[in-house]
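Scroll down for the structure; my scribbles are underneath it.
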Amino acid sequence: MTRRIKLLISGRVQGVYFRYFTQKKAKQLGVNGFARNLPDGRVEIVAEADHEPINQLIEWSHKGPITARVDQVEFVDIEIDEVFTTFEIR
471 MTRRIKLLIS
481 GRVQGVYFRY
491 FTQKKAKQLG
501 VNGFARNLPD
511 GRVEIVAEAD
521 HEPINQLIEW
531 SHKGPITARV
541 DQVEFVDIEI
551 DEVFTTFEIR
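First residue of the sequence shown? That's 471 in my numbering, and the numbers climb one at a time after it.
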């Protein structure tokens, strides 16, 4: 069953290739969606896949790449209103 979540990642997550490494991890897990920088310094991730790959992406996002410092991860399940076919950086 497909699950879609929105994650908000706080900390030193912009300018440290967080979105690039998120895309790489998502593709490795077979997760579709996108990652984008927000004006307040956070990174937003919208991800869609089966439960297990989503859970693995959530777990990874608490650490992120070695270049980042993750202070907080918030996530919520969201309605599926658009189907993603890849994972992109926005």
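Glycine included, each C-beta is placed from N, C-alpha and C at the ideal position.
Exercise. Spatial neighbours of Asp-547 within its chain, please: CB distance less than 6 Å, with the 5 preceding and 5 following residues excluded, ordered by chain position.
Key: Ile-475
Exercise. Could you tell me how far apart the beta carbons of Ala-538 and Gly-481 are, in whole angstroms, since I believe they sit closer than 8 Å?
Key: 7 Å
Self-check item: Beta carbon of Val-501 nearer than 8 Å to that of Pro-535
Solution: no
Quiz item: Is the Cβ-Cβ distance between Leu-477 and Phe-545 less than 8 Å?
Solution: yes
Practice problem: Using the Cα positions of His-521 and Thr-472, report the straight-line distance between them to the nearest angstrom. | Solution: 7 Å
Practice problem: Give the DSSP-derived three-state secondary structure of Gln-636 in the structure shown. | Solution: No answer is possible for residue 636: the residues shown for the chain start at 471 and end at 560.
Practice problem: Could you tell me if Gly-512 is buried or exposed, where buried requires 16 or more neighbouring beta carbons within 10 angstroms of its beta carbon? | Solution: The residue asked about is misnamed: residue 512 is Arg in this sequence, not Gly. Burial call: buried.
Exercise. Could you tell me if Thr-492 is buried or exposed, where buried requires 16 or more neighbouring beta carbons within 10 angstroms of its beta carbon?
Key: With 16 or more other Cβ atoms inside 10 Å of its own Cβ, Thr-492 counts as buried.
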